[in-house]
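Q: In the numbering used here, the protein residues as written are 116 to 739.
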């Protein structure tokens with residue numbers, strides 16, 4: 116019954132259903148909620164009966180518009196923002212009517228003015244309701260046309276234009292590929308999916324949003340979705356890569372890692388209209404997925420499983436006819452790209468770029484260069500060059516017209532050395548009775564022949580390893596029993612028992628190594644250089660060491676006998692005209708020492724000071 120409507124107004128061709136009913140109620144001085152009681156609803160037949168539409172045939176375009184909007188409201192009510200009212204203040208100023216697209220969910224920006232839509236009154240700070248009495252005024256009486264407007268991002272404006280186009284059929288037809296075949300409802304579902312599940316912090320969220328009609332709820336979703344769609348498909352791929360990186364190297368499958376971002380793609384967006392979205396995801400899988408793909412996965416196209424660019428290390432090893440350990444070394448060398456992840460139980464999973472495996476040459480698999488061998492074996496450049504032909508007789512330089520090509524070393528020979536000691540305990544700090552090869556190489560000043568003989572002795576089982584040093588690499592990790600190592604060396608070279616390294620001299624004298632090297636450099640303790648290269652070490656004979664002990668005495672030794680400090684000893688001796696052989700000041704050597712002159716010894720006798728013995732036997736027992 117419509118007898119109560121004194122003023123009969125027809126809808127505009129661009130007007131939304133709620134906006135029209137509010138305008139009709141305002142014209143008749145009624146409340147919006149009064150219209151259903153009068154039989155007025157937004158339905159073509161109801162409006163024709165109420166004489167609110169021209170008779171059929173008079174304005175077919177308007178009738179078609181109303182029928183289309185009414186059908187969409189009836190069949191897919193979820194696309195409409197039924198609870199809250201949003202608007203563009205600039206559009207309202209130009210024409211006081213409510214656009215149909217304003218009533219859609221996720222229509223967050225005005226396509227005409229490029230500003231954010233408004234849904235809250237700045238006067239009363241309340242959401243603008245459909246239950247107000249005037250189209251252009253809030254329930255508090257404030258003029259909505261006076262609301263401030265703020266620029267919206269271009270991509271959000273373009274997304275709103277897509278929604279408008281889907282609803283009205285007007286406007287630009289240029290839109291991102293995944294939106295081409297979608298209707299309004301499907302477009303909004305895609306916006307929800309992109310804006311919620313492809314936010315790295317929201318992969319586990321449900322697509323159900325409370326108060327989705329509010330701008331404060333919808334704009335974060337549309338902003339993420341618009342950014343992805345505007346950069347399609349690269350931005351879409353980047354989002355999945357970001358989620359994958361957040362796994363922190365843990366071994367997880369597609370469903371567990373991506374959660375609803377993966378499952379909803381095949382369950383919630385399963386219509387053919389979303390094929391472009393699924394294709395873009397599968398394209399990302401082929402290029403970037405670093406996890407396994409099961410052949411039983413019926414969601415993914417069969418040919419996809421054979422097009423993936425990352426394959427497990429064991430598959431790569433099988434293709435190349437090598438061990439997985441060699442694949443791992445190729446990755447560490449940078450010859451091929453690899454990504455390692457760990458399961459919750461600690462299992463390691465290594466994935467390899469398939470096309471790089473196919474491109475590997477025989478030389479890549481069977482040989483390494485000098486630098487790579489150095490890194491694997493834990494040897495320095497000088498030491499490696501000395502040991503190269505001794506450890507690897509088959510090493511060679513390939514013929515070349517251009518200078519000196521790099522050395523080529525058998526990878527199998529390198530791996531044979533690296534395999535020694537596998538399964539032994541890894542020690543962070545060796546025991547006092549133990550020593551690592553790293554320490555021997557750095558401090559014990561062994562010759563290259565001695566090092567090679569030691570490595571071969573370990574290889575042949577003549578001397579046993581006790582563990583591997585944590586933090587070191589290659590051969591330098593080997594840990595020996597220190598006494599057994601010294602005995603092995605003395606048996607190999609009996610004359611070595613009469614020689615000391617400079618670090619050993621420092622230890623026996625109770626000095627820092629810098630002080631011992633100072634004594635050697637200044638020839639207080641003459642030493643024999645092992646090689647002419649700088650920094651390659653020296654050795655001190657026991658006889659020279661004993662001569663130094665018999666010829667000099669440290670101020671600390673005198674101070675200990677007098678039960679005083681070395682500073683007071685220096686002052687006391689200075690008063691007697693006795694100067695230190697080390698020079699004036701601790702900086703000269705790190706410790707003050709004096710020549711055992713007759714003057715010094717007589718003076719010490721007057722003080723009843725007896726110096727400790729410096730016999731060879733005592734020194735020798737200390738070194739052992």
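Idealized CB from N, CA, C, for every residue including glycine.
Helix or strand or just coil, what does DSSP make of residue 648?
A: Interpretation of residue 648 is limited by its pLDDT of 42, a score under 50 that renders its predicted location unreliable; the figure taken from the coordinates is listed afterwards. DSSP places residue 648 in coil when its eight states are reduced to three.
Q: Can you give me the start and stop residues for the beta strand (DSSP E) that residue 482 sits inside?
A: Note, residue 482: beta strand (DSSP E), 482-484.
Q: Establish whether the CB of residue 565 and some CB of chain D are separated by less than 8 Å.
A: Given the protein chain composition of this structure (a single chain), no chain D is represented.
Q: Count the other C-beta atoms from every protein chain shown that fall within 10 angstroms of the C-beta of residue 232, then say buried if there are 16 or more, exposed otherwise.
A: Under this definition residue 232 is a buried residue.
Q: Can you give the beta carbon distance from residue 168 to residue 125, rounded, assuming they're within the 8 Å contact cut?
A: Yes, residue 168 and residue 125 are in contact; Cβ-Cβ is about 6 Å, under 8 Å.
Q: Under 8 Å by Cβ, that's how I've got residue 131 and residue 214 pegged, so tell me the actual separation to the nearest angstrom.
A: Yes, they are in contact, since the Cβ atoms of residue 131 and residue 214 sit about 6 Å apart, within 8 Å.
Q: Measuring straight from C-alpha to C-alpha, what distance separates residue 721 and residue 625?
A: About 27 Å.
Q: What are the start and end residues of each continuous alpha helix (DSSP H) run of 4 or more residues lying completely inside the region 567-653, in chain order?
A: Entirely contained in the region 567-653, the alpha helix (DSSP H) runs reaching 4 residues are, in chain order, 597-607, 617-624, 628-636.
Q: Can you give the beta carbon distance from residue 238 to residue 257, rounded, assuming they're within the 8 Å contact cut?
A: So it is a contact: roughly 4 Å between Cβ atoms.
Q: How should residue 308 be labelled, buried or exposed, when 16 other C-beta atoms within 10 angstroms of its C-beta is the threshold for buried?
A: That one is buried.
Q: Suppose contacts are defined by Cβ-Cβ distances below 8 Å. Is residue 584 in contact with residue 551 by that definition?
A: Cβ distance < 8 Å, so residue 584 and residue 551 count as in contact.
Q: Going by Cα to Cα distance, which pick from 676, 634, 326 is closest to residue 697?
A: Answer by Cα proximity: 634.
Q: Secondary structure at residue 299, three-state DSSP: helix, strand or coil?
A: Helix, per DSSP.
Q: Quick one: using the 10 Å Cβ neighbour count with 16 as the cut-off for buried, is residue 159 buried or exposed?
A: Buried is the call here.
Q: Residue 453 by DSSP, collapsed to three states: which one?
A: Note: residue 453 maps to strand in three-state DSSP.
Q: Ignore the nearest five residues each way along the sequence and tell me which others in residue 127's own chain have a CB closer than 6 Å to its CB.
A: Hits under 6 Å: 212.
Q: Taking the alpha carbon of residue 264 as the point to measure from, which residue in 682, 290, 235, 252 has its own alpha carbon closest?
A: Of the candidates 682, 290, 235, 252, the one whose C-alpha sits nearest the C-alpha of residue 264 is 235.
Q: Taking all protein chains shown into account, decide if residue 737 is buried (16 or more other Cβ within 10 angstroms of its Cβ) or exposed.
A: Its pLDDT being 35, under 50, residue 737 is placed unreliably by the model, and nothing is read from it.
Q: Using the three-state DSSP reduction, which class does residue 549 fall into: helix, strand or coil?
A: It is a strand residue.
Q: How far does the beta strand (DSSP E) with residue 147 in it extend, from its first residue to its last?
A: Note, residue 147: premise wrong, no beta strand (DSSP E); not H, not E.
Q: By Cβ distance below 7 Å, which residues in the same chain neighbour residue 411 in space, the five residues on each side in sequence not counted?
A: The predicted position of residue 411 is uncertain, since its pLDDT is 43 and thus under 50; no value can be drawn from it.
Q: For residue 576, does the count of other Cβ atoms within 10 angstroms reach 16, so buried, or fall short, so exposed?
A: It counts as exposed.
Q: Count the other CB atoms within 10 Å of the CB of residue 267; is the residue buried (16 or more) or exposed (fewer)?
A: Classification for residue 267: buried.
Q: Helix, strand or coil for residue 439? Go by DSSP, reduced to three states.
A: It is helical.
Q: Can you check which of these residues, 629, 658, 630, is closest to residue 643 by C-alpha distance?
A: Looking at the Cα atoms, 658 is the closest of the given residues.
Q: Would you mind sorting residue 301 into buried or exposed? The rule is 16 or more other CB atoms within 10 Å of its CB.
A: Buried, because 16 or more other Cβ atoms sit within 10 Å of the Cβ of residue 301.
Q: Applying the criterion that 16 or more other CB atoms from any shown protein chain within 10 Å of the CB defines a buried residue, is residue 678 buried or exposed?
A: So residue 678 ends up on the exposed side.
Q: Please list the terminal residues of the continuous alpha helix (DSSP H) segment that includes residue 381.
A: First-last of the alpha helix (DSSP H) with residue 381: 375-382.
Q: Starting from residue 524, follow the beta strand (DSSP E) in both directions and report where the run begins and ends.
A: Looking at the DSSP string, the run of the beta strand (DSSP E) that includes residue 524 is 523-525.
Q: Mapping DSSP to helix, strand and coil, what is residue 293?
A: The answer is helix: DSSP assigns residue 293 an H, G or I state.
Q: With 16 as the cutoff for other CB atoms within 10 Å, does residue 311 come out buried or exposed?
A: Classification for residue 311: buried.
Q: What is the rounded straight-line gap between the Cα of residue 138 and the Cα of residue 221?
A: Their Cα atoms are separated by approximately 23 Å.
Q: Confirm, please, whether the CB-CB distance from residue 708 to residue 667 is below 8 Å.
A: Going by C-beta atoms, residue 667 is nearer than 8 Å to residue 708.
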